[in-house]
């Protein structure tokens, strides 16, 4: 092929993947080709070729790799890490007193449950942990029978932008907390029963079901139950809710000190003028709920 018609890329050419550059530098000037940063490729997916040199075939092969997540319990049961994730989920449910095992009622519908599996990644693309969530099959619920109200306020992104801008203007620090299994804390007003989960049926009680005292993920009223729980908590501890944004709360001490809290489902962002108020708020929240302290606000 002539120079005027272009050139054919040789897949055997060597490309410089040194840490000094996030781009692949071709040995003969194919400037249009770029490679992912080597830090984005999990070490478990790399071959034994030195990191500094890779041919194009190898780089393209890495692009086709993906993380496989189980679709059902039988698949997950083959991997110890997924089994541990399911046990952790059930442990959290038991710790929150979410349910109790009872005889199967004859006059109430029983809602099925299923396992949902997700691999959580770090910011650099590496695997953080495997997460299993027990989810109720909420599509089987009937209005007026096992749920009534479902509305829960949803935070607006404009609010978080305004909060970030205010913190920057005042030179305040922004912090973030994550509520573990937040929906499991929401108290149910309705009488709801669910099946025992696959793989964890209690021996000798196979015909029994769980009566829910608190919400499970997947229930139609779960978001509302969690919002009512956290809203009640803030009211009891002296927070004032914004009249125009139901997910924004403030608390003052004297005339100069203020704490501002913003909730987005299970994410809590807070800032203020008094460091002692910020620390006190964090400690109180971590006593009340199972929390992950994410430190300074970085990503949302």
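In full-length UniProt numbering, the protein residues as written are 1 to 300. Glycine residues also receive a C-beta, built at the ideal position from the N, C-alpha and C atoms.
In the stretch 135-215, which residue ranges form an unbroken alpha helix (DSSP H) of at least 4 residues, counting only runs that do not cross its ends?
Runs of the alpha helix (DSSP H) inside the stretch 135-215: 157-170.
Quick check: what's the CA-CA separation for residue 108 versus residue 232?
Answer to the nearest angstrom: the Cα atoms are 30 angstroms apart.
Between the alpha carbons of residue 254 and residue 245, how many angstroms are there, rounded?
Looking at the two C-alpha atoms, the distance is approximately 24 angstroms.
Here's the rule: buried if 16 or more other CB atoms are within 10 angstroms of the residue's CB, otherwise exposed. What is residue 151?
Exposed, because fewer than 16 other Cβ atoms sit within 10 Å of the Cβ of residue 151.
Is residue 93 helix, strand or coil when you go by DSSP?
Correct three-state label for residue 93: helix.
Does the beta-carbon of residue 148 have 16 or more other beta-carbons within 10 angstroms, so that it is buried, or is it exposed?
By the neighbour-count definition (other C-beta atoms within 10 Å, threshold 16), residue 148 is an exposed residue.
Run of the alpha helix (DSSP H) containing residue 75, from where it starts to where it stops:
Counting along the chain, the alpha helix (DSSP H) containing residue 75 begins and ends at 73-76.
Where does residue 165 land, buried or exposed, given buried means 16+ other C-beta within 10 angstroms?
Residue environment: residue 165 is assigned as exposed (fewer than 16 neighbouring CB atoms within 10 Å of its CB, all protein chains considered).
From this set, 293, 273, 274, which residue's C-alpha is nearest residue 282's C-alpha?
Nearest C-alpha to residue 282: 293.
Burial state of residue 289 (16 or more Cβ within 10 Å)
Flag for residue 289 reads buried.
Look up residue 289 in the DSSP assignment and say whether it is helix, strand or coil.
Here residue 289 carries a coil assignment [DSSP, helix/strand/coil].
Do three or more CB pairs link the stretch 119-129 to the stretch 214-232 at distances below 8 angstroms?
Taking a contact to require three or more Cβ pairs closer than 8 angstroms, the stretch 119-129 and the stretch 214-232 do not qualify as touching.
Nearest-angstrom Cα separation, counted from residue 220 out to residue 256:
For residue 256 and residue 220, the gap between their C-alpha atoms comes out near 42 angstroms.
Quick one: grab the DSSP three-state call for residue 271.
Correct three-state label for residue 271: strand.
If you check the beta carbons only, do residue 175 and residue 196 fall under 8 angstroms apart?
Cβ distance not < 8 angstroms, so residue 175 and residue 196 don't count as in contact.
Locate the alpha helix (DSSP H) running through residue 224, then write down its first and last residues.
For residue 224, the enclosing alpha helix (DSSP H) starts and ends at 222-236.
Please report how far the alpha carbon of residue 45 lies from the alpha carbon of residue 120, in whole angstroms.
Reliability fails at residue 45, whose pLDDT of 44 lies under 50, so the model's placement of it is uncertain and no value is given.
Between which two residues does the beta strand (DSSP E) containing residue 116 stretch?
Segment 113-121, the beta strand (DSSP E) holding residue 116.
Inspect the beta-carbon positions of residue 130 and residue 91 and report whether they are closer than 8 angstroms.
For residue 130 and residue 91, no; Cβs fall outside 8 angstroms.
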